[in-house]
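The numbering used here runs 287 ahead of the 1-based position in the sequence shown.
Even glycine gets a Cβ: it sits at the ideal position worked out from N, Cα and C.
As structure tokens, the structure follows; a few thoughts come after it.
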Amino acid sequence: MRDVMKRYERYEATGNRKLVLVTNETDEAAAALFDLAILPALNHYGMPYTVADVSTGRFDRLLGECAAVVLAHDGVAAALTGEQWADIAEAWERGAGAVCFDGTLASARPEIRAFFGSAEFEEAAIDGITVNESTHYITELQAAPVTHALRKQVSASLAVRQSMEPGFVPIAEAGGGRVAAAAFQPAESREGEGAGRRAALYFSPALWMKQHFGHAMGLDDLLWRSLVWTAKKPFASLMMPPFAVCRVDDAIGSYDSFDYVRVLNEYGWIPNIGVFVNEIGEAEGAAMKRYHDGRKAEFSAHSFHELEEGTPDQIYLQHDGTEYGVSELQEHFRRLDAFYDRLGITPSRTVNIHYDELGLNSLPFLLKRDQPFMMALIPFGVHWYANSYSWEPYPYGHQGFNYGPMDPDHRFWNAVGHHLGAYKTPDAGMGPGEFLGSCTVFNGENERNDLEAAISRGVTAVKLGVSSGFFGTLMTHEQRIAVLNPEEWRTIIEGIHDGLAGWTLFYRGYDEIAAYCKDKARTRIAGTRFDERSGELIVELEGISEKGLYVCVYRDEAERASCEFVRTAPFSGRLTSETL
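In structure tokens, the structure reads:
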């Protein structure tokens, strides 16, 4: 696979450790939900899968070798023939997992309803999902108790709690104690032996459409972890590793020449800092070089300056969206080259740009300086306040969580994991992902420095990125750090560290994460097979990876699932690993 992954393409895999997604293509409206809401997530998660339509007849051969079978959208359960259901039940008895994403389960035959948790279901239109406990693997990343309000109702078949089958555990509700999701594990099952696990999300996949709720909005972990938990192990995916990164904008070297970086470093953070070039003096430049040389921070030119001015002195695009001319840009980049030469540092390959405003005329200058990566919340060639609803970046069209090549020049790549609280910047601005926003006395945003609120916002932002299958970003502007005293700053960063306790996180610089996102977007699992005799999981990758990727290998661990991150070598074309 030489091309970049496309959200609606089907990248089917071979082998005995793939997911089988059962669809009903004759129900065009319901099947479209699979293509629009579930398929982009599977491609983003990097899970091996194949698609089986109910019109093709029996599933016995296909389900003879699979990790799990998934009823992938509304109406599938009711469309299954008796023979097809027998094939699914038999695959489950041999150890395959079974998952239901069918929000019309109430219309299925009694044996199918009972298999997925209850003899009795209530058809309803729901406006929220509540997770009261986070004790189950599928829900353990949720900040329970928590209710996720939907923007628009979706249909559901809610299990009646009193009628639930023995062994099923409710893991989410939809008001009034009605069960919106449940999971089942056979008491005697062990990895590779006996009957498989079962899980069901009883609401329509329409929930994953942005007009209802959407992806990367707080519930994605229920989707991917239900697949991981039920899958017959070992099971492999190309899920994004749990990277965590810090981003600081509008920097001039506050806190005794960037001393706030020292505290970030103590807790593992490697910040990418966008500096106002004209404001960096000798002491600040010396500190930048020290952090740069120690690989403790990355720096790039944010803008020339802005302080106390109505219009920033931008580098790459004028603040009203007007492009700079070539001669103007030649002078801008001459100044930048001289700036970096004076400091003795190399700018980060990921450019941290004021207001994310990058003009098309600037692209050749950045390419020449090996700066192909961005962390932008808006597309190229527009100013921050321009309407950008039409930008639909990979994989979900979410402006806060995306990675992929940028138009019009696909030599440039974006990688952003920012908690907007919405899909689009016109609806959210910087959103709650600016973790000090509204939490300090800066610019009259708060009467006091609210350390508890800052900690909560920082923890939430990082967790949302990781639990949604992206990466967590701790982002703020230096002006807000500057109004905190050193003790307050340390209290916040230490509090965020404590709030992330128990989470597996890989603290990395932005350059490494951006390069990884590029590799991930160009690679898929083409095949995965478990050899029962040797005990080896054989994974075949297809694509291009300049740095190598992490293959996530999941194994059953009592009632949970563990994950091992196995690093591959760089490759182009196909790579087969037999050591997982």
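The region 667-675 makes no contact with the region 622-636: fewer than 3 CB pairs, one atom from each, lie closer than 8 Å. Per DSSP, I416 lies in no alpha helix (DSSP H) segment; the continuous beta strand (DSSP E) that holds it begins and ends at 408-418. For the region 769-826, the continuous beta strand (DSSP E) assignments of 3+ residues that do not extend past its boundaries occur at 810-818, in sequence order.
Per DSSP, D696 lies in no alpha helix (DSSP H) and is assigned neither H nor E.
If the five residues before and after A702 are omitted, its C-beta is found closer than 7 Å to the C-beta atoms of F660, M662, Y690, I800, A801, C804, all from its own chain and listed in chain order. At a Cβ-Cβ threshold of 9 Å, Q617 and H670 do not count as neighbours.
If you look at M575, you'll find it in the alpha helix (DSSP H) that goes 569-580. Straight-line spacing of the CA atoms in L525 and L836 works out to 8 Å. If you look at Q371, you'll find it in the alpha helix (DSSP H) that goes 369-380. For E460, the enclosing beta strand (DSSP E) has its first and last residue at 455-460. Runs of the alpha helix (DSSP H) lying entirely within the region 655-710, each at least 4 residues long, are absent.
In this model, G786 and T609 are separated by some 43 Å (Cα to Cα). The distance from the Cβ of P327 to that of I812 is about 16 Å, inconsistent with a contact at the 8 Å cut-off. If you check the CB distance, I825 and G463 do not come in under 9 Å. In the assembly as shown, A845 is an exposed residue. Its beta-carbon has fewer than 16 other beta-carbons within 10 Å. Take D818, set aside five residues on each side of it, and the residues of its chain with a beta-carbon closer than 7 Å to its own are I825, in chain order.
In this structure, the alpha-carbon of P599 lies about 32 Å from that of E739.
Separation of the CB atoms of Y841 and T637 is rounded to 30 Å, and the pair is thereby denied contact status at 8 Å. Fewer than three Cβ pairs drawn from the region 720-731 and the region 495-515 lie within less than 8 Å of each other, which leaves the two stretches out of contact. In this structure, R512 is the residue among R512, F688, I399, F321 with its C-alpha nearest to the C-alpha of C850. Taken in chain order, the unbroken stretches of alpha helix (DSSP H) that lie wholly in the region 489-548 and span 4 residues or more are 507-517, 541-545. The DSSP-derived three-state label of G561 is strand. The criterion of a C-beta distance shorter than 9 Å is satisfied by D340 and E312. Around the C-beta of Q498, fewer than 16 other C-beta atoms lie within 10 Å, and the residue is accordingly described as exposed. In the three-state DSSP reduction, K750 falls in the helix class (H, G or I).
The straight-line gap separating the alpha-carbon atoms of F591 and F321 is approximately 47 Å. Check the Cα spacing between E315 and each of A531, H360, Y578, R698: the tightest is with H360. For H331, the enclosing alpha helix (DSSP H) covers residues 326-332.
Remark: C-beta atoms of H435 and V447 do not approach each other more closely than 9 Å.
Residue state for T310 is assigned as strand, using DSSP reduced to three classes. Comparing C-alpha distances from H685 to each of W700, H705, M693, R698 shows the shortest one belongs to H705. In the three-state scheme derived from DSSP, where H, G and I count as helix and E and B as strand, F652 is classed as helix. A Cβ-Cβ contact shorter than 9 Å links S635 with S587. For E585, the enclosing beta strand (DSSP E) covers residues 585-590.
Distance between D843 and F522, taken at the CA atoms: about 9 Å. For Y627, the secondary structure class from DSSP, reduced to helix, strand or coil, is helix.
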